Amino acid sequence: MQAHRVAQARRAVRRILSLGRRRRRRAAALAALGLLALGSAATSAAAAAPSRAAATAALARAQPARPAPVVRPPAPPRRGGERRDVAAPRAPTSAAANLSTFLELRNDYVSRGAKGFFNAAVIRGDYAFNRSFSLRADVPLAYAGGTHGERHVGLGDVLIRPLVRAVGTPRFALLVGSDLHLDSATNRALGSGKNQVAPLVVAYVRVARPARLGLQLQHAVSFGGDPRRDDIQASVVRPFAVVELPRGFWIGPDQSFHFNHLGAPRVVSTSVLEVGAELSDRVQVYVDPGIQVSSRGAVDWLVTGAVRWAFPQPTPGRAGTAAPVPCVEGAAGE
């Protein structure tokens, strides 16, 4: 009897041990399945990560970089706690064309092929009574070379230009004025030999934050001067553009068509590409290489280089400064 009970107890222990083994096996199988599932999920996530990174990089490349906004430097305090405005040279001006006060030293060189050359060192000054009215004076020291090697040096034709900004908005500006060319040349080869009056109209349109388009129309008529020289009656159509670049640089494609109504050549086309830079808040430099083609087939090349110093522009009630602008802004009809 006691042996029978011991045998039954052993069978019960075996059953319990067998059930424990089965449960452990099931748990191990479930754990293995879980590990396999986690491994496959990690593998799929790792495979998807490069594609997501590539998509993010493609999206970043698809969004063009935007230039950083121009920050104006703080102005030093004045007496009495007042402050003055400091112009940011690389920031766009408030209007499409603001007149300013500056002094410019420039040199214009024109190659005339077999006919020689013409060079003029010009002192140019613009005085802006306000941002809508200015007065310009050009005093050239000319140097010309002739066909037979002769050389002439002296004063050229002086130019005076009053200019008025009739309309000025952030997107559009209209300027009207007139050039007065004086027959002041000390030698026949250094000037036109005639006094001239040349009314002009210049329109500006800001098509984008850094880009402006312009069109100048001008008509010149001569009077007085040397009676042995031919009279002058000519018109100029001049489309141009100004594109501001980072770090204070700009470029200005410039195309003009000169129509001679009395003499020859009848049409002269002048193509110029201006490249300029701001060296400081008040100093600008630029160079204008170009080419001239006449209706007679003559081809001449030209180049202009200049440095400009800008001066503060006073405004009623406070002392302010005018932001310097590319030279095309106030130099239509060079």
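For the sequence shown, our numbering gives the first residue as 7, with consecutive numbering after it.
The beta carbon of each residue, even a glycine, is placed where N, CA and C say it ideally should be.
If you're wondering where the values come from, they're calculated on a predicted model, not measured in any experiment.
Cα-Cα separation between residue i and residue j, rounded to whole angstroms
i	j	result
E284	Y292	9 Å
A130	G303	Correcting the residue type first, residue 130 is Arg in the shown sequence and not Ala. Their Cα atoms are separated by approximately 32 Å.
L219	W256	13 Å
R142	V299	29 Å
S57	P252	Confidence at S57 is low in this model, with a pLDDT of 38, below 50, so its placement is unreliable and the value that follows should be read with caution. Straight-line Cα distance between these residues: approximately 35 Å.
G254	A240	36 Å
I238	G282	33 Å
P341	S301	With the chain running from 7 to 340 in the structure shown, residue 341 is simply not present.
N136	F317	12 Å
A195	V211	39 Å
A338	A209	In this prediction, A338 scores a pLDDT of 34, lower than 50, which makes its location untrustworthy; no coordinate-derived value is stated.
V213	A120	43 Å
Q319	D287	13 Å
A59	F263	Any reading at A59 needs caution, since the residue's pLDDT is 37, under 50, leaving its predicted position unreliable; the model's value is listed next. Computed Cα separation, rounded: 55 Å.
E280	R112	13 Å
V248	D114	20 Å
P233	P216	48 Å
E250	W315	19 Å
T192	G162	7 Å
P146	A126	6 Å
V116	I166	22 Å
S106	F229	31 Å
R310	F124	A quick correction: the sequence has Thr, not Arg, at residue 310. Those two C-alpha atoms are separated by around 12 Å.
L221	V273	18 Å
Of the listed residues the options, nearest to residue i (C-alpha basis)
i	options	result
H225	R253, V243 and R272	V243
R235	A247, L268 and D132	L268
T153	S275, R118 and V289	R118
G296	V289, L308, V213 and Q290	L308
V164	S190, D114 and G311	S190
V227	F265, L221, V249 and A217	F265
V128	D287, W315, S286 and E110	E110
V289	P168, V273 and A312	A312
L223	V207, P216 and P233	V207
P168	A150, R314, S140 and T192	S140
P245	S275, G162 and P233	S275
N104	G230, F124, A134 and N125	A134
D294	V273, G258 and W315	G258
G231	H187, L221 and V273	H187
Contact test: residue i Cβ vs the ligand PLP heavy atom, cutoff 7 Å
i	result
A226	Absence of the ligand PLP from the depicted structure is noted, as is the absence of any ligand whatsoever, leaving it without description.
Nearest-angstrom beta carbon gap, residue j and residue i [assumed within contact, 8 Å]
i	j	result
D132	F108	5 Å
R171	S138	4 Å
P278	D260	The sequence given here has Val at residue 278, not Pro. Going by Cβ atoms, the distance from V278 to D260 rounds to 4 Å, so yes, they are a contact pair.
L148	G122	Note that residue 148 is Ala in the sequence shown here, rather than Leu. Actually they do not touch by this definition, with Cβ atoms about 12 Å apart.
Residue-level contact to chain C via CB, residue i, 8 Å cutoff
i	result
H187	Of the chains in the structure shown, none is chain C; there is only one protein chain.
So, do the segment 178-187 and the segment 150-158 have three or more beta carbon pairs nearer to each other than 8 Å? no
For the segment 166-178 against the segment 196-203, do three or more pairs of beta-carbon atoms, one drawn from each stretch, fall closer than 8 Å, so that the two count as touching? no
Contiguous alpha helix (DSSP H) assignments of at least 4 residues, all confined to the segment 209-235: none
Write down every uninterrupted run of the beta strand (DSSP E) in the segment 279-310 whose length is 3 residues or greater and which is fully enclosed by it, in chain order. 289-300
Which complete beta strand (DSSP E) runs does the segment 115-143 hold, if anything under 3 residues is left out? 123-136
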